[in-house]
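Have a look at the structure below, then the notes.
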Amino acid sequence: MPNLPPKKEIFLTGLWKDNPVLRQILGICSTLAVTNLMVNTLVMDAGLIFTVCMSSLTVSLLRKVTPVRIRMMVQTLIIASYVIIVDIMIMAYLPDISEALGPYVALIITNCIIMGRCEAFARNNPPVASFIDGLGMSLGYSLVLIAIAFIREPLGFGTLLGIRVLPEGFVQWTVMIMAPGAFFTLGIMVWILKYFRPQPQTGEEKG
Amino acid sequence: MDSINPLTLFFAAIFTNNILLTNFLGLCPFLSMSRQKKSALGMGAAVVFVMASTTALNNLVFYKILVPLGMEHFRFIVFIVVIAAFVQLVEMAVERFFPALYFVLGIFLPLITVNCAIFGASLFMVIRKYDFVQSLAYGAGSGIGWMLAIIAISAIREKLQKTAKLPRGLEGPAITLIITGLLALAFLAFSGMIRVQ
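If you read the sequences in order, they're chains X and S. As numbered in the working numbering, residues 3 to 209 make up the first sequence, in order. As numbered in the working numbering, residues 74 to 270 make up the second sequence, in order.
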């Protein structure tokens with residue numbers, strides 16, 4: 003790509019304009035699973051940001067020596083290596099949260115966003131731009147996760163980050179902690195966004 | 074954990090612990106492939122087969138190879154490679170021996186490698202310490218549960234496209250997510266019938 007948009011542009015595109023969750027509906031498996039507690043969400047976000055940035059950087063650095071035919075396999079292995087690092091780190095320093103997140107940390111590997119960025123951006127672009135692209139995309143993803151957790155935790159438990167925010171008498175909406183609550187919250191968020199900023203159908207959502 | 078009957082596990086994986094509706098796995102293909110009943114059926118069938126086989130296969134790989142070698146931490150990479158290799162192998166076998174079947178399922182097979190439900194089933198298998206038969210039952214059950222959910226949603230979406238007038242912005246992914254929420258709510262009615270965890 004000869005004329006690359008400025009770095010700030012790349013960053014903002016991922017953060018908001020093409021937000022991976024709300025706009026492209028990518029990588030929502032883990033989005034929904036961990037968002038009933040804010041603490042879990044934050045840890046998951048940190049892991050994801052690290053993985054996306056580092057694997058975009060690595061894929062971009064190796065882009066000239068990777069044979070085109072086996073690039074998917076190479077990318078998967080790169081991503082998997084970083085996820086193993088994240089998993090071991092969380093297990094070592096935050097054992098309780100590691101227990102609560104269960105297999106979802108490992109599922110970062112199959113998170114479509116990472117593969118999507120490697121495939122769509124990092125394999126054709128220089129390392130620094132790829133890193134920034136990854137940062138923007140993963141921060142955009144994190145923002146949405148935090149927003150969902152911000153709705154689900156108070157309504158489901160009456161707390162935020164474990165601190166009580168709603169009065170004792172508040173009847174907890176058990177449904178918000180469980181699966182349906184996550185689907186409703188994300189569905190309504192996508193709806194509101196599309197209502198105010200309609201966009202032409204961009205074809206396939208893949209995963 | 075050893076006391077769980079594989080048959081119980083099988084039904085639990087379909088109904089009370091549906092991998093899509095309670096664990097949120099396999100949502101990406103679920104949203105993009107559920108526009109038509111026909112493609113939902115093809116995708117569902119492919120998932121059932123691959124999930125049952127790879128969960129059992131990964132169980133063997135984990136307990137017979139990785140644990141004796143003390144390499145449990147590499148299970149993520151190994152599982153992904155096993156799944157990718159298995160899918161590739163099945164694709165070649167089906168193309169060679171059952172061309173008619175390939176015509177129906179062929180296009181769905183490559184998509185399965187990136188289906189998080191397949192990988193997720195293998196991870197749950199390790200965390201919950203299932204043995205070989207339990208893994209097979211769990212994998213098959215999860216696959217059938219996933220297929221059930223995607224067929225249900227595609228039938229609803231087909232009807233919806235013909236008849237409903239949706240408000241601006243709600244069409245497409247938003248309404249699908251909300252319907253999925255309702256479906257998950259309906260499946261909650263099964264919970265408590267079987268306890269596995």
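Each residue gets a CB set at the ideal place from its N, CA and C atoms; glycine is no exception.
Asked	Found
Touching by the beta-carbon criterion (3+ pairs, under 8 Å), the segment 59-78 of chain X and the segment 156-171 of chain X	no
CB contact check: residue 193(X) to chain S, cutoff 7 Å	yes
Complete alpha helix (DSSP H) runs within the segment 110-157 of chain S (minimum length 4 residues, chain order)	110-133
Min CB distance residue 196(X) to chain S below 7 Å	yes
CB contact check: residue 247(S) to chain X, cutoff 7 Å	yes
Contacting positions in the segment 88-101 of chain S - beta carbon closer than 8 Å to chain A	Within the model displayed, chain A is absent; protein chains X and S are what it includes.
Reference residue 88(X), options 199(X), 103(X), 65(X), 75(X), closest by Cα	103(X)
Chain X within 7 Å of residue 302(S), Cβ atoms only	Residue numbering for chain S in the displayed model covers 74 to 270; residue 302(S) lies beyond these limits and cannot be assessed.
Where residue 80(S) meets chain X, residues with beta-carbon distance less than 7 Å	Ordered by position in chain X, no residue passes the 7 Å Cβ test against residue 80(S), which lies about 24 Å from the chain.
Beta bridge counterpart(s) of residue 161(X) as assigned by DSSP	166(X)
Anticipated Cβ contact below 8 Å, residue 47(X) with residue 144(X), distance rounded	4 Å
Beta-carbon proximity of residue 227(S) to residue 107(S), cut-off 7 Å	yes
Spatially closest choice to residue 105(S) from 250(S), 194(S), 144(S), 257(S), by CA coordinates	250(S)
contact_flag[the segment 113-121 of chain S, the segment 236-246 of chain S] where n(CB pairs < 8 Å) is 3 or more	no
C-beta atoms of residue 146(X) and residue 24(X) nearer than 7 Å	yes
Rounded separation between residue 82(S) and residue 171(S) - CA only	32 Å
Environment of residue 167(X) [buried if 16+ CB atoms lie within 10 Å]	exposed
Residue 91(S) burial status per 10 Å Cβ neighbour count (16 or more: buried)	buried
Simplified DSSP state of residue 7(X), which is helix, strand or coil	coil
Beta carbon proximity, residue 94(X) to chain S, threshold 7 Å	no
Under 7 Å from the C-beta of residue 253(S): neighbouring residues of chain X	185
Bounding residues of the alpha helix (DSSP H) (the contiguous stretch that carries residue 40(X))	40-63
CB contact check: residue 30(X) to chain S, cutoff 7 Å	yes
Three-state secondary structure assigned by DSSP to residue 227(S)	helix
Three-state class that DSSP yields for residue 125(X) in the structure shown	helix
Per-residue burial, residue 77(X) [other beta carbons within 10 Å of its own, 16 or more giving buried]	buried
Own chain residues within Cβ distance below 7 Å of residue 13(X), not counting five before or after	134, 137, 138
Check whether residue 282(S) and residue 36(X) have beta carbons under 7 Å apart	Outside the shown range of chain S (74 to 270) lies residue 282(S), about which nothing can therefore be said.
Opening and closing residue of the alpha helix (DSSP H) in which residue 244(S) lies	Taken as a continuous stretch (DSSP letters only), residue 244(S) belongs to no alpha helix (DSSP H), as it is neither H nor E.
CB contact flag (residue 148(X), residue 116(X), <7 Å)	no
Nearest-angstrom beta carbon gap, residue 94(S) and residue 256(S) [assumed within contact, 8 Å]	6 Å
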